[in-house]
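According to the working numbering, the sequence shown is numbered sequentially starting from 489. Shown next, in structure tokens, is the structure this report addresses.
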Amino acid sequence: MKFFITVLILMAFCANVYSQNNTKITLKCGVTPMGQMPLWIMVFRNKTFVLKKEYTKAINPNTIEAINVTKNDAEAAIYGIRGAYGVVTIRIMKKFARGEFKRLKPYLEKL
């Protein structure tokens, strides 16, 4: 009788441990770049920020002064592992810099 009770307790415990949920686990490593996207740099006057990759379409093309695409490893090495797949630098015109910065501020990270 003790054996059957022990088996029932173990079965109940195992049912909780090995549930049938399809839990997806995603591992992110800070050393390896996630995806093959270039690093987007926004320059507002003399302040430099990184634009999050999901929000690149939020840039107003009428406010762009210059765009510089860097594919060379030596030049992209300035930005470390983040610039491994290239760097796109976008300089905003001075007269639009304040307004564009306020509009894009939620999508920017400090460099």
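No residue lacks a Cβ here, since even glycine has one placed at the ideal position from N, Cα and C. What you are looking at is a predicted structure, and each value in this text was computed from that prediction instead of being measured.
Look at the Cβ atom of residue 531, then the Cβ atom of residue 578, and state whether they are nearer than 8 Å.
Note that the C-beta distance between residue 531 and residue 578 is below 8 Å.
Could you check how far apart the C-beta atoms of residue 538 and residue 596 are, in whole angstroms? I think they sit under 8 Å.
About 7 Å separates the two Cβ atoms, so the contact holds.
Is it true that the CB of residue 551 sits closer than 8 Å to the CB of residue 589?
No; because the gap between Cβ atoms is not below 8 Å, this pair is not in contact.
Per DSSP, cross-strand counterpart(s) of residue 536
DSSP, once it has assigned bridges, lists 531 as partnering residue 536.
Helix, strand or coil for residue 493? Go by DSSP, reduced to three states.
helix
Report the three-state DSSP secondary structure of residue 592 (helix, strand or coil).
helix
For residue 536 versus residue 529, is the C-beta spacing smaller than 8 Å?
Contact flag set, yes.
Three-state secondary structure assigned by DSSP to residue 545
helix
Other residues of its chain near residue 575: CB distance less than 7 Å, five sequence neighbours each side excluded:
526, 527, 529, 558, 564 and 567
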